[in-house]
Amino acid sequence: MTYEGVFDVSKTTLDRLSTPANGDIVYVSEGANAMDISRSIFTMEHPRLRLDAGTYATMGVGMVYAAAAYAAYNFTEPEGMSGPAGRKKIVAIEGDSAFGFSAMEVDTLARYQMDVLIFVINNGGLYRGDTDSSEKWKERQKVTVAGETANAPGLSALSLGYETDYQKIAEMAGGIGIVARTPKELKDATERGFHAKVPVVINVIVDTSTDLVMNFPWLDMAPPKKGEAKL
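First residue of the sequence shown? That's 491 in this note's numbering, and the numbers climb one at a time after it.
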């Protein structure tokens, strides 16, 4: 699956379970592709129903935002207000790299019985993964550990584990962990996670995009000549 495909399935399913006009879902997101793409797909019809890393792209806020949103709208004396009054479902859309910064807060969510639904979009890296198979990833790992990257490709600085079992974070804390590789599995997992009364982590396996060309213009800029402006 691709990011766009994942978000199409999950949004369609969530919209069916809770009409957007009711404003019953608070969306939290952080990451690179996960946050940037989801912003334009999961739109709001009421204020104060989205929390993300913002312009500075600060990572590690996702699970904390989810807990804060739950407290604001669902505690005994809620202070948050948006749209029709009532309980709100907290849905977190996390990049796999971003999730790693605060994943242990899932234990906090479980401890306080916060039934947050968490999608971890797993492409095996920041922006892209290194390989499209476990075998190839392990070969690169061996090269990196052996210090032989001058002779063969190793793991890049942006690499994460191949198809890491992020769902087990929820299981460890008493929640529900689900792996979704197909649209049907994602649809079923979304429905189950929406109705669950404990935290749910859906580990969504997406294309690693190993052929994605990484282009950071600020890295390629030649230093300015003396006396000339950088631009």
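We put the CB at the ideal spot given by N, CA and C, even for glycine.
Computed from a predicted structure; not experimentally measured.
Straight through space, the alpha carbons of A593 and I608 are spaced by roughly 10 Å. For the pair of segments examined, the region 510-519 was found to touch the region 568-585: the number of CB pairs separated by less than 8 Å reaches three. Secondary structure of R630 (DSSP, three-state): helix. The beta carbon of K658 sits closer than 7 Å to those of G667, all from its chain and outside the five residues before and after it, given in chain order. With at least 16 other beta carbons inside 10 angstroms of its own, A543 counts as buried. A Cβ-Cβ contact shorter than 8 Å links N523 with G585. Listed in chain order, the alpha helix (DSSP H) elements of length 4 or more contained wholly in the region 648-675 are 658-663.
For the 8 Å CB-CB criterion, S500 and T680 form a contact. In the three-state reduction of the DSSP assignment, K501 falls in the helix class. Contact between T621 and T698 holds: CB atoms are separated by about 7 Å, below the 8 Å threshold.
Residues of the same chain with a CB within less than 8 Å of the CB of D505, apart from the 5 flanking positions on each side, do not exist. Boundaries of the alpha helix (DSSP H) around D586: 586-592. Within the same chain, and ignoring the five residues on either side of L645 in sequence, the residues whose Cβ sits closer than 7 Å to its Cβ are D620, R630, Q631, T634.
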